[in-house]
Amino acid sequence: MTGYGDAHLHADGVSVSVEIRSVNNRYFKLTVRGNELFSGIESQIEALTRKHINRGTITINLRVKADATADKYRIDTNVLQSYVQQIHQLGSQIGISETPHWDSVLQLPGVVQENTDNDDEQFNAWPVIEKTLKTALEKFDTMRQHEGETTTVDLRENLATIAQYLEQVEAKSPNVIAGYRDRMTERVNKVLEEFDVTVDPSTLLREVAIFTDRVNISEEVVRLKSHLQQFETFLTQKESTGRKLDFLTQELFRETNTIGSKANDAEIAKSVVEMKTAIEKIREQVQNIE
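Here the UniProt record's numbering is used: position 209 in the sequence shown is 209, and no number is missing along the way.
This is how it looks when you write it as structure tokens:
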């Protein structure tokens, strides 16, 4: 499901910023972007994220910055001495004897270096990262909950549309058989009158029975009604039902498609088109449900 959440926290000498984004995906796919120094805690980040998100393409942007301290930086004395010697030599050559300003010398490349010897920094920062990530995930869940409520309303509207047209299909189905019987009887009688022959009534009944069996959609109607009821049940459940709804949507389409191919009636075909349109809308929404 699409969603967004962010959080910022400064504690224990560390500033942490977390931003979470997700888009639809049938599976769980996580990408963590941030300082390579913190790549060792990706497994912890994923474990915490999986407690809130079951599927989707999730991107977490993690920014961590430690406060500046005395031991955070060091002066490379060799580089500094080299600069000072070169400055004095150049001063002697051009007749300048002034002592170089320290604030200028310390800004020269390579003089002041960041101390990267502290390999435990990523682990020391994890408690702050964890707290920030939890806050961002809570905001993420809140946004998804609001979106889920809107999605549920839309799904129920489309389910109602399917049920409405299904009732029309069920009501029209007996007329298809009766209409076929009347048309066949009329055609047979016309042929009999034209060629002055007779036909065994049982033959006519057998043909009607074969057609009736071929266009009988009662089983599909029953299964479709059952799927609609199951769909509604899953919508009321709190646990993750995205995959179940995805499967049910496929079954809704399959039964509706079978009805359309078997019904052999223009009016029923129109209703089937409306049902398929509603199912397609459901299919798009279900991809956004965890």
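Yeah, the Cβ is synthetic: ideal placement off N, Cα and C, and Gly gets one too.
Keep in mind it's a predicted model, so treat the numbers as computed, not measured.
By the beta-carbon neighbour count (other beta carbons within 10 angstroms, threshold 16), N78 is exposed.
Between I20 and A136, the CB-CB gap stays under 8 Å. In the displayed model, E19 falls within a strand according to three-state DSSP. Residue burial annotation: H10 is exposed, with fewer than 16 other C-beta atoms found within 10 angstroms of its C-beta. Beta bridge pairing from DSSP links D6 with E19.
Nearest to R50 by C-alpha distance, out of D141, D76, N35, is D141. If you check the CB distance, L245 and V286 come in under 8 Å. A Cβ-Cβ separation of about 19 Å leaves S22 out of contact with H8 under the 8 Å criterion. Setting aside the 5 residues that flank it on each side, N25 is surrounded in the same chain by R55, G56, T57, each with a C-beta closer than 8 Å to its C-beta; the list follows chain order. In the three-state reduction of the DSSP assignment, R63 falls in the strand class. For the pair M143 and G5, the CB atoms are nearer than the 8 Å cut-off. Around the CB of A278, 16 or more other CB atoms lie within 10 Å, so the residue is classed as buried.
Annotated three-state conformation of G110 is coil, per DSSP. L30 has I58 as its beta-bridge partners, per DSSP. In this structure, the CA atom of G40 is about 48 Å from the CA atom of Q89.
Excluding sequence positions up to five before and after H227, its CB lies within less than 8 Å of the CB of L248, E251, L252, E255, all in the same chain and listed in chain order. Buried is the label assigned to S173, since at least 16 other Cβ atoms lie within 10 Å of its Cβ.
A distance below 7 Å between beta-carbons, with the five flanking residues on each side excluded, links L133 to the following residues of its chain, in chain order: V18, I45, L48. A buried status is given to E290, since no fewer than 16 other beta-carbon atoms sit within 10 Å of its beta-carbon.
For the 8 Å CB-CB criterion, V153 and I259 do not form a contact. The alpha-carbon separation between N288 and Q145 amounts to approximately 12 Å.
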